[in-house]
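These protein sequences, in sequence, are chains A, B, C and D.
The numbering of the first sequence is numbering that gives the first Met the number 0, which starts it at 0 and goes up by one.
The numbering of the second sequence is numbering that gives the first Met the number 0, which starts it at 0 and goes up by one.
The numbering of the third sequence is numbering that gives the first Met the number 0, which starts it at 0 and goes up by one.
The numbering of the fourth sequence is numbering that gives the first Met the number 0, which starts it at 0 and goes up by one.
Cβ atoms here follow ideal geometry from the backbone N, Cα and C, with glycine treated the same way.
Quick caveat, the model's predicted, so the values are computed rather than measured.
All remarks here apply to the structure that follows.
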Amino acid sequence: MKYLSLIIVIVTGILLLHASQDFPDWGDAHSPANSNQISQHFITQTGEQTAVPNFVTAVLADYRGFDTLFETIVVFIAGIAIMAVLGLVRMDSLVNAPDSPRDPTDRDIIVIQTCRVITPVIQLFALYVVAHGHHSPGGGFQGGVIFGASLILMAISRDLSAALKRISARRAFILAMVGILIYAGIGMLCIFMGGNFLDYSVLHPLLPATDSVMARSHGMLGVEIGVAFTVSTIMFAIYALLSSGGRLKGGL
Amino acid sequence: MFDHTLMLTILPCFFAALAVTACGLWKPRWSLPVALLSVGISLFGSLAVLAEVMTQGRVQYFLGNWSEPRGIGIEFNVDPISSLMLVLICVVSLLSLIYASGKITEELPGKEPLFYALFLLLMGGLLGICMTADAFNLYVMLEITSLTSYALVAMGNGRRAAFSAYNYVIMGTIGASFYLLGVGYLYIRTGSLNMADIFRIIQLESLQGSPTITVAFIMILIGMLVKMAFFPLSGWLPNAYTHAPSVTGNFVAPLMTKVSVYVMVRMIITVFGIEFTFDHLPWGQTVVWLAILAIVAGSIMALGQSDLKRMLCCLIIAEVGYMVGGAWLANIHGMTGAVFHIFSDAAMTLCLFLAAGIFHHKNGTGEIGSLEGHFRKMPITMAAFTLGAFSMIGVPPTCGFFSKFYLIRGGLESGQYGYVVALLLSSLVNAILFFRIFETAYFGNLSEGHHDAHGNDDHEVEIDEAPPTMLAPLVATAAGLVAIGLFNSEIAGFIQRSLTPLAVGGTW
Amino acid sequence: MIWQFDLIILVFLIITAVISLNVKDLLGASMVFGVYSFLICLLWAEMAAVDVAFTEAAVGAGVSAVFLIATVFNTKRDSSD
Amino acid sequence: MDLLIDRFNYFAYVVLMMIGLHAIISKRNLIKKLIGMSIFQTAIILFFVSIGVKEGSTIPISEHHAEPAAEHGAQAGHHGEHGSAGHTNNPDHFANPLPHVLMLTAIVVGVATLGLGLAITQKIYRQYGSIEEDEILEKLRSTDV
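Now the structure itself:
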């Protein structure tokens, strides 16, 4: 097996290296990919068409918003897939969150207190990242993962049931669905307002004091919030399922 | 006219998946009606798309209304082949969902809503693959289908399901990553992700000779060959499909490999163009020979199996060889045959898997030997199974005959006699395999003590059919086999509307 | 882009990748994988891909490593290779 | 030598990818395989991000306009008109945003696959009591006989 894999790896590697001679130089601003009208359009026109200074956010949530919708759905799928695979908990019994707090003496008080202090700060930062994604790096995914991480930190520093008491797995899945529903719902709203799916510009009659350009910006904020809901809760749910082997009890 | 028909086809799956998950939390009983309703809406939408394509030639949809310059947003573009794929996916989903409704409580107790949710998401992903005209969006859709099908396979309680699913995860990820790498290679040279735009740039800057484009093609091809279980890369398929819960197998087996074949065809005709694929690449012949190898290997492996489902899985590997070989014959009949075979193979795989599932349900085992006397015990199921088997062998008027007819015609036209011989040989092997089963099922004695629960009486065998929710989809599929066969010239003509020299960028 | 910086990180990346695949202790491998993700996050930041770097820092170095550790906790810590 | 300096990112990605691929195929530990899979995926991400780099460019966020974020809503119509009349960005000054967007998606897909793979690994461990591929195959073979 080892030799077979070495052969496969070397053949593939040579093939890929062979092609890389044909590549444009690294960092060449005039390579085909960088000088293509599409990527130039994103840089020159984004401000005018969507009023969002962060090109990545604009492309992610608007020009290629459909990809992002499905990326969110991929996260959701991971959540329900892990639940289906580990499958020790019935879905309709998620509400009975098992309550078996660990003996507090085996946890270090310094760790617990430190985490208690920094958790709200992390969560506040996560909200900032979501809300400020238009102007700085960040957005729904990053903020969502950070928020999820704060819940995971709570579960690690105390125990899983302490975190599940605040947000049970059932509530996590409901919020994840709400997140996708926000995203897809905004898309559907665009159809009802007479545009194509995810064409936020037609939403401007619904939003006060906006034109079609600012409507795009606000639409993006809306979908980023949806993404944040889904990502944060599913990341926590995945952790809860993985760390407890699907039982949602005990854990790390 | 209502211009969101594509959205009407794809979105119900995703909304319904959310609704079904919500049902799982509150009212698990409602999850089946919701799923059926949404698949029904999708089927209606796909038929509307088909009608639209019939009149207008193609349906385009720009997500977010970003149409200028081309490729800035994500575009959906449905031509005749993809519109037929949409209908196929919706019909297969509907039939296997009806079948699943009767079996699921027994196979996956307590997990029904999760199963339906993953089922709908998988179906939505498959629909997305067939609609999209954006190379990267296709990757995202591919990952949706992969993740859901891993989970659907791993859900089973069988001892081997999880380990098969693990290998499926590894192979599937390698396949998808190679596809993504190929898209990267295309992107670094052309700077675009829109399929038609990539094709235009390759022509415009005459990049056909560029090693990057060639490697991009190879990477995408390898990725898809892994996903479709082309012979040397097919180790994961028999285990994954055999050990999966049968409700999963019935849906995944007919569609997953076929959609990967569709992606390969789409890449050849839309992104790279046939001129590049067949004239600039010197190793087209090699692929045909590999396909011959796959056909022979699949047939030989099938001969050695005693488990019905496992045998069918080996036959899928041989059938994948048919399609890949047909596509690489480099003429219009071969390509038509390959695409036609996607539909007929999906129909016959569904038919045989449904029948195998019913046998397993009744006998509790998948061994071929347990089928003794089933012609008397389950006449309807066996009749449908026979029809599926005839189609696999290639008996007219079933669809299997016509797809082989086109493939052989293509093979003769391009002088690939080895491929033609392999096709005929594999039909012969199929005939041997299935007549072996017929012999057992027809002449075998039911009262040898194998099934004391069902066949106590020596002379009069009680008819003991499967429940109607399992039987109806089977009968419908068997009828579909004949229907596809009878309308073969219309379907082939419709497929060829996607293969005009203008659409594929070159003359055949 | 600063190519010297880039080169150093790439060398470290390859080293950490090899280490994380060859450590026999799976907990250690998970931690080294976290280091790998953090280095690659630095690399994204150096290549001006700030959003990707942000995501990688949160997802790769943070959440993936935690998932790996959670699984190691529930299975076995030692590995044969 | 010139070639090496211009392309070392592309060479490094091939090396990383091959390390990952080799691990996927040859490692026997299921978790090690998944780590290899993640390395394989990050190598592809490295390739994509390398495409978008431009010499002397900055991060793909255009300079902040004078007004702070909070005033955006109030000055909505105003901003829209002025945005179009304002300066246009020089494409050479900003990194190409498109590969970044694609790779955000790829990272998230990667972590989803990793999570699912780990869940399946745990299920395998529950069933077989082992996460070594050869031991599992051994157990499968012994149950067959």
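Asked	Found
Which word fits His17(A), buried or exposed, when buried means at least 16 other C-beta atoms lie within 10 angstroms of its C-beta?	exposed
Just mark Arg265(B) as buried or exposed, buried being the case when its beta carbon has 16 or more other beta carbons within 10 Å.	buried
For Thr131(B), write down the residues that DSSP places opposite it in a beta bridge.	Phe75(B)
Within the chosen definition, does the stretch 49–64 of chain A reach the stretch 215–223 of chain A through at least 3 CB pairs nearer than 8 Å?	yes
What in chain D is Cβ-close to Met30(C), meaning under 7 Å?	By Cβ distance, chain D contributes nothing, its closest Cβ being about 11 Å from Met30(C), past 7 Å.
Should Gly116(D) be flagged as near chain B, meaning a C-beta pair shorter than 8 Å?	yes
Rounded to a whole number of angstroms, what is the C-alpha to C-alpha distance between Gly180(A) and Ala125(A)?	At residue 180(A) the sequence reads Leu, which differs from the Gly that was named. Computed Cα separation, rounded: 21 Å.
Quick check: the stretch 304–320 of chain B against the stretch 283–296 of chain B, are at least 3 beta-carbon pairs closer than 8 Å?	yes
Say whether chain D places a C-beta atom closer than 8 Å to the C-beta of Leu41(C).	no
Quick check on DSSP: helix, strand or coil for Asn28(D)?	strand
Please confirm whether Gln122(A) has its beta-carbon closer than 8 Å to some beta-carbon of chain B.	no
Terminal residues of the continuous beta strand (DSSP E) containing Gln20(A)?	It is not in any beta strand (DSSP E) - Gln20(A) carries neither H nor E in the DSSP assignment.
Based on Cα-Cα distance, which residue from Leu311(B), Met334(B), Gly109(B) lies nearest to Leu353(B)?	Leu311(B)
Starting from Phe229(B) and walking both ways along the alpha helix (DSSP H), at which residues does that stretch end?	Unbroken run through Phe229(B): none, as it is neither H nor E.
Fully enclosed by the stretch 411–443 of chain B, which alpha helix (DSSP H) runs are 4 residues long or longer?	416–442
Who are the near neighbours of Thr144(B) in its chain, counting only those whose CB is closer than 6 Å to its CB and skipping five residues on each side?	Leu121, Gly124, Leu125
Is Gln74(D) helix, strand or coil by DSSP?	Low per-residue confidence applies at Gln74(D): pLDDT is 41, beneath 50, and the placement is therefore not dependable enough to give any value.
Quick test of the definition: if touching needs 3 or more C-beta pairs under 8 Å, does the stretch 226–242 of chain A touch the stretch 4–12 of chain B?	no
Suppose you measure from the CA of Val33(B) to the CA of Leu113(B); what does that come to, to the nearest Å?	13 Å
Between Ala162(A), His134(A), Thr209(A), Thr71(A), which lies nearest to Arg115(A) when the distance is taken from Cα to Cα?	Ala162(A)
Which of the three DSSP states, helix, strand or coil, is assigned to Glu461(B)?	coil
Could you tell me whether any Cβ in chain D is nearer than 8 Å to the Cβ of Phe66(C)?	yes
Return yes when the Cβ of Ile123(D) is within less than 8 Å of the Cβ of Tyr165(B), no when it is not.	yes
Between the stretch 46–61 of chain B and chain A, which residues of the former have CB atoms less than 9 Å from a CB of the latter, in chain order?	Tyr60, Phe61
Would you kindly work out how many angstroms separate the C-alpha atoms of Gly218(A) and Ile185(A), rounded to a whole number?	7 Å
For Glu67(B), which three-state DSSP category applies?	coil
Which of helix, strand or coil does DSSP assign to Thr348(B)?	helix
Show which residues of chain A have a CB atom less than 7 Å away from the CB atom of Thr211(B).	Ala18, Asp21, Phe22
Is DSSP giving Asn193(B) helix, strand or coil here?	strand
Along the chain, where does the beta strand (DSSP E) that runs through Phe486(B) open and close?	Phe486(B) -> no beta strand (DSSP E), and no H or E assigned at all.
Interface residues of chain G around Val214(B) at Cβ under 8 Å?	This model lacks chain G altogether; the protein chains it does include are A, B, C and D.
Find the residues of chain D that neighbour Lys248(A), judging by a C-beta separation of less than 9 Å, and give them in chain order.	Result: empty, since nearest Cβ-Cβ is about 15 Å, beyond 9 Å.
Does any C-beta atom of chain D lie closer than 8 Å to the C-beta of Met219(A)?	no
Taking C-beta pairs closer than 7 Å, name the residues in chain A that Val57(C) reaches, listed in chain order.	Here residue 57(C) turns out to be Ala, not Val, going by the sequence shown. Here the neighbours are Gln141, Val144, Ile145, Ala148.
Using 10 angstroms around the beta-carbon of Gln3(C), count the other beta-carbons present and answer buried if the total reaches 16, otherwise exposed.	exposed
What residue does the beta strand (DSSP E) around Tyr124(D) start on, and which one ends it?	Tyr124(D) -> not in any beta strand (DSSP E); alpha helix (DSSP H) instead, spanning 96–127.
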